[in-house]
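Peer 1: Per this note's numbering: the sequence shown = residues 4 to 268. Note that the Cβ used here is the ideal one computed from N, Cα and C, for glycine as well. These numbers come from a predicted model, not from an experiment. First the structure, which I've put down as structure tokens, then a few questions once you've had a look.
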Amino acid sequence: MTAETEEKKHSKLKKHKYVTCPDLLEKDESFVLCARADALRSTMMFKESIPKYLRAILLNRENLEAYYGLALSYKHLQEFSKAISTLEKALKVDSKNKDINYELGICLLLDGKPSEAMNILRESITLDNKNLNAQVQLAIAHELCDEDEMALLIYDKINEEAPEYFKAHQHKAALLMSLEEYKEACSIFYQILKLNPKYEKAILGIGICFDKLKRFTDAIRYYRKFLTTMPDSEHFEHVRERISKIKLFHRHKNSLSVVQTSDNN
4 MTAETEEKKH
14 SKLKKHKYVT
24 CPDLLEKDES
34 FVLCARADAL
44 RSTMMFKESI
54 PKYLRAILLN
64 RENLEAYYGL
74 ALSYKHLQEF
84 SKAISTLEKA
94 LKVDSKNKDI
104 NYELGICLLL
114 DGKPSEAMNI
124 LRESITLDNK
134 NLNAQVQLAI
144 AHELCDEDEM
154 ALLIYDKINE
164 EAPEYFKAHQ
174 HKAALLMSLE
184 EYKEACSIFY
194 QILKLNPKYE
204 KAILGIGICF
214 DKLKRFTDAI
224 RYYRKFLTTM
234 PDSEHFEHVR
244 ERISKIKLFH
254 RHKNSLSVVQ
264 TSDNN
């Protein structure tokens, strides 16, 4: 067989392969479209990425990356119901995908469905028990369902197993503040500062706790520390006004004390 004949035979085989397997071409095109959509999404062009993701899914109904990227684009556009629907379709392809389960739980929370989010987040944690943020989100879901004790148990479990993960400390402190347990919340904020001495939310949190406990001198000290640490914070003016009100209150209180003392004399 000549070299030319061999080349013609190879060409016919190659052509025959692609003619009989068009689904391979479509799947290849699907992944290319998905990659282009991912590139758009990475540059915050969420709306522009959606048609490419949809086309990728149309070509390959099992393209999990396309479902996942599409859901993220919908989420960033705050179209949560569409994100949820997309992720539910993805779960029909792979029900044990940890990333898809996690994102579905998040989107359900964002869509105001905490009770539904709980089951999905539990599944996500079962699939990946090292995902600490999934555990935090589960605790938040319990908070939204007025199950504060369950939320505190989850935060305690995280803090025990991963004490360096201060996000759980932060959420626990915020929950304690909402329950008006300011002394306990303050101790949690101190733990956060041991992990990160310049964490501005903990500094402000301590100031607020002292303020609520009427320990105004300590409150001012931490408020001032916050202002020094975060001069560009959106809370800057509010905190500065609060310091002024506390000082004014103390001056008024002291002047009343002086008047009462004079009257007694």
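Who are the Cβ neighbours of residue 210 in its own chain at under 7 angstroms, not counting the five residues just before and after it?
Peer 2: For this step, residue 210 is matched to residue 207 along the sequence shown. Cβ within range, chain order: 222, 225, 226 and 229.
Peer 1: In angstroms with no decimal places, state the Cα-to-Cα distance between residue 192 and residue 143.
Peer 2: For the purposes of this step, residue 192 is taken as the residue at position 189 of the sequence shown. For the purposes of this step, residue 143 is taken as the residue at position 140 of the sequence shown. The straight-line gap from Cα to Cα measures roughly 18 angstroms.
Peer 1: Taking the straight line between their C-alpha atoms, what separation do you get for residue 189 and residue 207?
Peer 2: Locating residue 189 in the sequence shown gives position 186, where the first residue counts as 1. Locating residue 207 in the sequence shown gives position 204, where the first residue counts as 1. Cα to Cα, the separation comes out at about 10 angstroms.
Peer 1: Three-state secondary structure (DSSP) at residue 64?
Peer 2: Within the sequence shown, residue 64 is the residue found at index 61, counting from 1. Coil at residue 64, not helix or strand.
Peer 1: Helix, strand or coil for residue 98, going by three-state DSSP, please let me know.
Peer 2: The residue labelled residue 98 in the question sits at position 95 within the sequence shown. It is coil, neither helix nor strand.
Peer 1: Sorted by chain position, which residues of the same chain lie with C-beta nearer than 6 angstroms to residue 56's C-beta, five sequence neighbours on each side aside?
Peer 2: The residue you call residue 56 lines up with position 53 of the sequence shown. So the qualifying residues of the chain are 40, 69, 72 and 73.
Peer 1: With distances taken Cα to Cα, identify the nearest neighbour of residue 49 among 61, 81, 33 and 63.
Peer 2: On the sequence shown, residue 49 is found 46 positions in, with the first residue counted as 1. That would be 81, whose Cα lies nearest to the Cα of residue 49.
Peer 1: Find out if the Cβ-Cβ distance for the pair residue 127, residue 99 is shorter than 8 angstroms.
Peer 2: Locating residue 127 in the sequence shown gives position 124, counting from the first residue. Locating residue 99 in the sequence shown gives position 96, counting from the first residue. Not closer than 8 angstroms, so no.
Peer 1: What are the start and end residues of each continuous alpha helix (DSSP H) run of 4 or more residues lying completely inside the segment 183-258, in chain order?
Peer 2: 185-198, 203-215 and 219-232
Peer 1: Residue 159 to residue 177, Cα distance in whole Å?
Peer 2: Your numbering for residue 159 matches position 156 in the sequence shown. Your numbering for residue 177 matches position 174 in the sequence shown. The alpha-carbon atoms of residue 159 and residue 177 are separated by roughly 14 angstroms.
Peer 1: Can you check whether the CB of residue 249 is closer than 8 angstroms to the CB of residue 219?
Peer 2: For the purposes of this step, residue 219 is taken as the residue at position 216 of the sequence shown. For the purposes of this step, residue 249 is taken as the residue at position 246 of the sequence shown. Annotated as proximal: residue 219 and residue 249, with beta-carbon spacing under 8 angstroms.
Peer 1: Comparing C-alpha positions only, which one of 199, 245 and 247 sits nearest to residue 232?
Peer 2: Position 229 of the sequence shown, counting from 1, holds the residue named residue 232. Checked all of 199, 245 and 247; the closest Cα to residue 232 is 199.
Peer 1: Check whether the Cβ atoms of residue 175 and residue 155 sit closer than 8 angstroms, and answer yes or no.
Peer 2: The residue labelled residue 175 in the question sits at position 172 within the sequence shown. The residue labelled residue 155 in the question sits at position 152 within the sequence shown. Result yes, Cβ atoms of residue 175 and residue 155 sit closer than 8 angstroms.
Peer 1: Just verifying my parser: in three-state terms, what is the DSSP assignment at residue 148?
Peer 2: Within the sequence shown, the letter at position 145 stands for residue 148. Three-state result, residue 148: coil.
Peer 1: Might you give, ordered along the chain, the residues of its own chain that have their beta carbon closer than 7 angstroms to the beta carbon of residue 124, omitting 5 neighbours on each side?
Peer 2: Walking along the sequence shown from the start, residue 124 turns up at place 121. So the list reads 108, 137, 140, 141 and 144, once near-sequence residues are dropped.
Peer 1: The alpha helix (DSSP H) spanning residue 179 covers which residue range?
Peer 2: As a working mapping, residue 179 is identified with position 176 in the sequence shown. First-last of the alpha helix (DSSP H) with residue 179: 169-181.
Peer 1: Do residue 52 and residue 33 have their CB atoms nearer than 8 angstroms?
Peer 2: Residue numbering aside, residue 52 sits at position 49 when the sequence shown is read from its first letter. Residue numbering aside, residue 33 sits at position 30 when the sequence shown is read from its first letter. In this structure, the beta-carbon distance from residue 52 to residue 33 does not fall below 8 angstroms.
Peer 1: When you compare each of 122, 78, 67 and 241 to residue 95 by their alpha carbons, which one comes out closest?
Peer 2: Taking the sequence shown and counting its residues from 1, one reaches residue 95 at position 92. Looking at the Cα atoms, 67 is the closest of the given residues.
Peer 1: State the DSSP-derived secondary structure class of residue 142, mapped to helix, strand or coil.
Peer 2: Here residue 142 is taken as the residue at index 139 of the sequence shown, counted from 1. Helix.
Peer 1: Of the residues 133, 91 and 169, which one's Cα is nearest the Cα of residue 119?
Peer 2: For this step, residue 119 is matched to residue 116 along the sequence shown. With distances taken between Cα atoms, residue 119 lies closest to 91.
Peer 1: Which same chain residues end up closer than 7 angstroms to residue 87 when comparing Cβ atoms and leaving out the 5 residues on each side of it in sequence?
Peer 2: Position 84 of the sequence shown, counting from 1, holds the residue named residue 87. So the list reads 107, 110, 111 and 114, once near-sequence residues are dropped.
Peer 1: Can you give me the Cβ contacts of residue 132 inside the same chain, cut-off strictly under 6 angstroms, excluding the 5 residues immediately before and after it?
Peer 2: Locating residue 132 in the sequence shown gives position 129, counting from the first residue. So the list is empty, once near-sequence residues are dropped.
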